[in-house]
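Peer 1: Can you read through this structure? Questions will come right after.
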Amino acid sequence: MTITSRHLLAILTTGAALAAAGCVATGGTAIQSHQKAMEGIADQEYFVAKKPIDRHFIGCAWSKQFGPVEDPTVGDIRTKKERSFSGLQQDFAYNMGIALGAQPVVAPVQGEVGLQGGSVEKAKLEGVEIITPVSLADIPFEADIPYITEALRLANFKIKEEKSNKANIGVSAGSHLGTGTAVAEIGSQGRRGSEGDGLVVAYKLHAIDKGSYEKRESGNQKLDLDKSVDFAGGSVIVKARLQAIEPGGGKSLPRNVLWACPRADAMSRDMVAAWVVDLKSVDPKRKSLSIAFPAFPKVEDCGNFSGVIFSRIDPRTDKIHRQKLNVTVIDADVTDTMKAKTWDTRVSVVDEAFNIKLVKPGEI
15 MTITSRHLLA ILTTGAALAA AGCVATGGTA IQSHQKAMEG IADQEYFVAK
65 KPIDRHFIGC AWSKQFGPVE DPTVGDIRTK KERSFSGLQQ DFAYNMGIAL
115 GAQPVVAPVQ GEVGLQGGSV EKAKLEGVEI ITPVSLADIP FEADIPYITE
165 ALRLANFKIK EEKSNKANIG VSAGSHLGTG TAVAEIGSQG RRGSEGDGLV
215 VAYKLHAIDK GSYEKRESGN QKLDLDKSVD FAGGSVIVKA RLQAIEPGGG
265 KSLPRNVLWA CPRADAMSRD MVAAWVVDLK SVDPKRKSLS IAFPAFPKVE
315 DCGNFSGVIF SRIDPRTDKI HRQKLNVTVI DADVTDTMKA KTWDTRVSVV
365 DEAFNIKLVK PGEI
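Residue numbers (the working numbering): 15 to 378.
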C-alpha cells in the first residue's frame, strides 16, 4: 500500500515506542511486525482512516483533506458484513489498528509477551471484518468523485478515551486470543470522541470510469397538475397533485413521502399542504415513489429535487444502470382555502450507464 509520510511516521513512531518499552518477542520486534504487514499489501488498495471510529461510511464521498464526507440528502445504504480470511488484510488491519492506538476489548490475563507469535495471529483472526454495500448500484456515484465502497474493520478493538493529553496504546489479549500485554505511552492529543467497540482502520474507494459513461436525457418538460407525463419510452409515468389537510384537524400529511429537502422533512408534521409528485413504473419490479414539496407553510430553498429513482447492475457488462429524476418548482402558491393558485414546474429523467474503477491511494 502507498503510505503517506504522516502515516509512515505514525507507524514507525509507534513501533519504536513499543520496542523501546521492551516489547520484543522471540519472533522479532514490533517495528518488524509493522514492516512485514506493510510490505505484504502489494495491491495498494486501501486508504488509511483519518479518524478511526466504529463507522463504515459506506456510500460517502471521499475528500483528500477531510476523508469521508456525508450527504444528508442521501438515504441509508444497505450493507453486509463478512469475516476476512485474507492474511494480507488481517495483517494490515491489525497493524494499522495498533498504530492508530487500538486495543482488543477482551479482558487481559496474566503474562506478557511481545507483538509476535501465536497470540498475535489469533488476535488478527478473531475479528477482521469487511463491510460492503449489498448493491454497488445504491451508491450515488458522481463524476470525478471517489466513493467509499468497502471498510476494513477490527470488530473486537477500540481506542481508549483519554482525558489527558496522552493516549495509551494498549495491546492486550484475552484467554481465547492467547496471552500478552504490551503498553507504550506516547505524547499526543487526546482521542476523546473515538471510544467504542470496533474500529474501522481503512477504506476502499471506487469512482466512475469516465470512458464507459453513457447518458441519455429526456429534456425538461412542463409538469401540469393532475396530468400525466411519460418518460423513458412510456416506462415511467410522472404526475403532480396538491394534497392538503384540514387545519386544526389533528392530522398530518402522509409519512410515506420523500420530502425534497431535510428542512421540509423536519417540519412535515406541521405541514398543512404539499405538492406531491408521484412516479409510477410499468415494470412491476420497481416500486412507486412520491416526492413532496412544501406548499403551506412555504420553505425557502426547497423547490428542487434531484435523485436516483432506480438502479441495477447488468451482470453481462458489469455496468451500473440508473435513472435520475430532476424536478424544479419555478413558482407555486396556494390560496387561503388551500387550493392551487400557481404551479409552474419542470421535470426531466436522465438514464445513465457506467462501469466503476478502483481508486488507489497514489491516484489522489
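Glycine included, C-beta positions come from ideal geometry on N, C-alpha and C.
Can you tell me whether DSSP reads N109 as helix, strand or coil?
Peer 2: Taking the first residue of the sequence shown as 1, we reach residue 109 at position 95. N109: helix per DSSP, three-state reduction.
Peer 1: Between which two residues does the beta strand (DSSP E) carrying A309 extend?
Peer 2: For the purposes of this step, residue 309 is identified with residue 295 of the sequence shown, where counting begins at 1. Segment L303 to F310, the beta strand (DSSP E) holding A309.
Peer 1: Going by C-alpha distance, which of I370, Y217, A246 and A221 is nearest P82?
Peer 2: One-based indexing of the sequence shown puts residue 82 at position 68. Checked all of I370, Y217, A246 and A221; the closest Cα to P82 is Y217.
Peer 1: Sorted by chain position, which residues of the same chain lie with C-beta nearer than 7 Å to R326's C-beta, five sequence neighbours on each side aside?
Peer 2: The residue you call residue 326 lines up with position 312 of the sequence shown. Answer for R326: A151 and H335, listed in chain order.
Peer 1: Tell me whether P82 sits in a helix, a strand or coil according to DSSP, three-state version.
Peer 2: As a first step, residue 82 is located in the sequence shown; it is residue number 68 there, counting from the start. Strand, per DSSP.
Peer 1: Could you tell me which whole alpha helix (DSSP H) segments of length 4 or greater appear in the segment 227-290?
Peer 2: The qualifying runs are 276-280.
Peer 1: Among the candidates I72, F80 and P311, whose CA atom is the shortest distance from the CA of K65?
Peer 2: For this step, residue 65 is matched to residue 51 along the sequence shown. With distances taken between Cα atoms, K65 lies closest to F80.
Peer 1: Under three-state DSSP, which class holds A63?
Peer 2: Indexing the sequence shown from 1 puts residue 63 at position 49. Three-state result, A63: coil.
Peer 1: Tell whether a beta-carbon distance below 9 Å holds between L237 and A287.
Peer 2: Indexing the sequence shown from 1 puts residue 237 at position 223. Indexing the sequence shown from 1 puts residue 287 at position 273. Contact: no.
Peer 1: Suppose you measure from the CA of V341 to the CA of N109; what does that come to, to the nearest Å?
Peer 2: On the sequence shown, residue 341 is found 327 positions in, with the first residue counted as 1. On the sequence shown, residue 109 is found 95 positions in, with the first residue counted as 1. Approximately 48 Å between the Cα atoms of the pair.
Peer 1: Only counting the same chain, and skipping five residues up and downstream in sequence, which positions put a Cβ closer than 8 Å to that of K5?
Peer 2: The chain is shown from 15 up to 378; residue 5 falls before or after that span and cannot be answered.
Peer 1: On a CA-only basis, which of K338, F319 and A367 is nearest C328? Give me that one, please.
Peer 2: Your numbering for residue 328 matches position 314 in the sequence shown. Contrary to the premise, residue 328 reads as Asp rather than Cys in this sequence. Nearest of K338, F319 and A367 to D328, Cα basis: A367.
Peer 1: Is Q203 buried or exposed, if buried means 16 or more other CB atoms sit within 10 Å of its CB?
Peer 2: Translated into positions along the sequence shown, residue 203 becomes position 189. Below a pLDDT of 50, predicted positions are generally treated as unreliable, and Q203, at 29, falls in that range; no measurement from the model is reported.
Peer 1: Can you have a look at I370 and say buried or exposed, based on whether 16 or more other CB atoms are within 10 angstroms of its CB?
Peer 2: Residue numbering aside, residue 370 sits at position 356 when the sequence shown is read from its first letter. Per the 10 Å Cβ criterion, buried.
Peer 1: Between the beta-carbon of T93 and the beta-carbon of I145, is there less than 9 Å?
Peer 2: By 1-based counting over the sequence shown, the position of residue 93 is 79. By 1-based counting over the sequence shown, the position of residue 145 is 131. Closer than 9 Å, so yes.
Peer 1: Given this structure, state the Cα-to-Cα distance separating A280 from V142, to the nearest angstrom.
Peer 2: Here residue 280 refers to the residue found at position 266 when the sequence shown is read from its first residue. Here residue 142 refers to the residue found at position 128 when the sequence shown is read from its first residue. When rounded, the distance between both Cα atoms is 38 Å.
Peer 1: Here's a check: name, in chain order, each residue in its chain whose Cβ is nearer than 6 Å to the Cβ of D365, leaving out the five neighbours to either side.
Peer 2: Here residue 365 refers to the residue found at position 351 when the sequence shown is read from its first residue. Within the same chain, D365 has close Cβ partners R230 and Q337.
Peer 1: Buried or exposed, going by whether 16 or more other CB atoms sit within 10 Å of the CB of K172?
Peer 2: On the sequence shown, position 158 is the one that residue 172 refers to. K172 is buried by the Cβ-count criterion.
Peer 1: Which residues does DSSP pair with D332 in a beta bridge?
Peer 2: As a working note, residue 332 is residue 318 in the sequence shown. Its beta-bridge partners do not exist; DSSP assigns none.
Peer 1: Roughly how many whole angstroms lie between the Cα atoms of I200 and G376?
Peer 2: To locate residue 200, count along the sequence shown from 1; it is residue 186. To locate residue 376, count along the sequence shown from 1; it is residue 362. At I200, the pLDDT of 26 sits below 50, so the modelled position is not reliable; the number obtained from the coordinates is stated separately. The alpha-carbon atoms of I200 and G376 are separated by roughly 29 Å.
Peer 1: Any idea what DSSP makes of L150, helix, strand or coil?
Peer 2: As a first step, residue 150 must be located in the sequence shown, where it is residue number 136. L150 falls in the helix class under three-state DSSP.
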